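Those sequence lines, one after another, are chains S and G.
Each residue of the first sequence is one higher than the one before, counting from 17 in my numbering.
Each residue of the second sequence is one higher than the one before, counting from 11 in my numbering.
Here is the structure we will look at, set down as structure tokens.
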Amino acid sequence: MTSAPGVTLSGKADIGARSLFSGLRLDVAPGDWTCLLGASGVGKSTVLRLIAGLETGAVFSGGIAASDGVAIENRIAYMAQSDLLFPWATALDNVTLGARLRGEKPDEDRAMALINRVGLSDHAQKKPSALSGGERQRIALARTLMEDRPLILLDEPFSALDARTRAEMQELAAELLAGRTVLLVTHDPAEAARMGHRIYVMTSAGLEEADTPPAPPIRDFDDPETLQAQGRLHRRLLGRA
Amino acid sequence: MKGWRNIGLAAFLGIAIWQIIVWATGLPHFILPSPMRVATAMWKSRAIIAEHSLVTLSEVLIGIAIGAFLGMATAIQLAISPSARAVVRPILVFSQAVPVFALAPILTLWLGYGLWSKVAMAVLIIYFPVTSAFFDGLMRTPQGFLDQARIMGASSVSTMLRIRIPAALPSLGSGLRLAAVYAPIGAVIGEWVGASQGLGYLMLLANGRAKIDLMFAALIVLAIMAVILHTIVDRLASKMDQDA
């Protein structure tokens, strides 16, 4: 993996005659976790999908560029709220999916090592239907790591998990994705306060950068300053800042 | 084991009702033969029934193989190419408006009295359900899978082979289940219109010679064949459901 670049997105997006956002500028800092916090429907997933080069249903005009000037395409790995594991393939085959899709020979030893790192080496030969929601998301994380890309786009990957599994997954992801440029889209102020080197709050009024707690991420969920930051983020979401 | 016991019970019940109707109505044996008469006819004519069954079975199996293959190939082609969809889909729908049974005499005229006119009937009758079910499945791949494939740099060929087709297998399974039911109907109608072999032909022959017990025997063999075929395809299709 070469050193991770930053990404900047600036511009406006319209859905039909309605403006989704305009005059928006998002800086995703190199090698850090940037959290994009917002309520549903505010366009935060659209921002992530635009960076990923996916269909959005919106018309975007503006620029998306990496800080090193190289194209973003093929340097991205992506995790969504749904694990997107193929039900017909084993956990191991899901982890090696990228290589098989590109017609390359999958490196099964490396895949097993990653499955081991997410703590599921006993489950490598199981189908997703035999795994719990948290286990499936761990396999999805292993698949993301298997791609070994410098830019990681996370679209609410932990929001469907129960509180305990979510906290564990946040810690695991912070550990395993360290050093990469991560954009985490979330609707959860607690998650943003815990995970972000930088936190942006997206509302219908636009994008604002919020203060981050002084401790480096990943922060303890009971750290007083993290909790205060969480409260402030909540107020911003509600428009009561 | 329990399944077999239930099948046995159902068969016994069916035969009992049949016998009761024979007793209650007092219909002569050349209108409604008793189960015993039909069983006797089945045993006496077992060689000839087996011979004709084999013919019908080959027609049905070859028809399913060709029809399923053509249907799958068409569905994939339509899923790949929007221009093919624009041109071919109206033709497909229109072709469904033509009653396939009405084509039987034409197929016999073109392909003769042998095996191939019946195979063609079976193919025509199952082609649309297979195409339609598989095509729908191919067009309903979850968007997230396609997003993931795109980000991973998959070509459209590998997306088709490794994602869209596996994800559409349960839909293909529903199409094949229908095919297993329709294909024997197609083959038998083909045999009624013009044939020198097959269970449909044997039924007409027996009818013409007032051997109604033999006609019933052929009908029962045909029904058993169709049920077995459906069961096998159903098992296969359920396996495809599990895998997808």
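A virtual CB, placed ideally from N, CA and C, is assigned to each residue, including glycine.
Being a predicted model, the structure only gives us computed values, none of them experimental.
- The C-alpha of G:Ala-178 is placed about 8 Å away from the C-alpha of G:Arg-150.
- The residues Val-133, in chain order, have a CB closer than 6 Å to that of G:Ile-76 in the same chain once the five nearest residues on each side in sequence are set aside.
- When DSSP states are grouped into helix, strand and coil, G:Thr-66 belongs to the helix group.
- With fewer than 16 other CB atoms across the displayed protein chains lying within 10 angstroms of its CB, G:Met-46 is exposed.
- In the same chain as S:Ser-38, and ignoring 5 residues on each side of it, the C-beta atoms closer than 6 Å to its own belong to Lys-28, in chain order.
- Among the residues facing chain S, G:Leu-179 is included, as its CB has a counterpart in that chain under 9 Å away.
- Taking the beta carbon of G:Asp-251 as reference, no residue of chain S falls within 9 Å; the closest one sits roughly 10 Å away.
- Here DSSP, grouped into helix, strand and coil, assigns S:Thr-24 to strand.
- Comparing C-alpha distances from G:Ile-58 to each of G:Pro-176, G:Ala-85, G:Ala-228, G:Leu-102 shows the shortest one belongs to G:Ala-228.
- The count of Cβ pairs closer than 8 Å, one atom from the segment 120-128 of chain G and one from the segment 201-212 of chain G, reaches three, so the stretches are in contact.
- Exposure of G:Ala-60 is indicated by the presence of fewer than 16 other C-beta atoms within 10 angstroms of its C-beta.
- DSSP places S:Arg-165 in no beta strand (DSSP E); its state is neither H nor E.
- Residue-level contact check: G:Ala-143 does not touch chain S, since none of the beta carbons of chain S fall below 9 Å from its beta carbon.
- Residue environment for G:Val-198: buried (at least 16 other C-beta atoms within 10 angstroms of its C-beta).
- In the three-state scheme derived from DSSP, where H, G and I count as helix and E and B as strand, S:Ile-92 is classed as strand.
- Using a CB distance below 7 Å, the part of the segment 70-84 of chain S facing chain G consists of Leu-70, ordered along the chain.
- Taking CB atoms only, G:Pro-176 has a neighbour in chain S less than 9 Å away.
- Classified as exposed, G:Thr-241 has fewer than 16 neighbouring CB atoms from the shown chains inside 10 Å of its CB.
- Residue environment: S:Glu-207 is assigned as buried (16 or more neighbouring CB atoms within 10 Å of its CB, all protein chains considered).
- Burial state of S:Ser-175 is exposed, judged by a 10 Å Cβ sphere holding fewer than 16 other Cβ atoms.
- Counting along the chain, the unbroken alpha helix (DSSP H) around G:Ile-161 starts and ends at 153-161.
- Short of 6 Å from the beta carbon of G:Val-110, and not among the five residues preceding or following it, lie these beta carbons of its own chain, in chain order: Leu-134, Ile-135.
- A straight line joining the alpha-carbon of G:Trp-33 with that of G:Val-48 spans about 15 Å.
- The Cβ of G:Gly-147 sits no closer than 9 Å to any Cβ of chain S.
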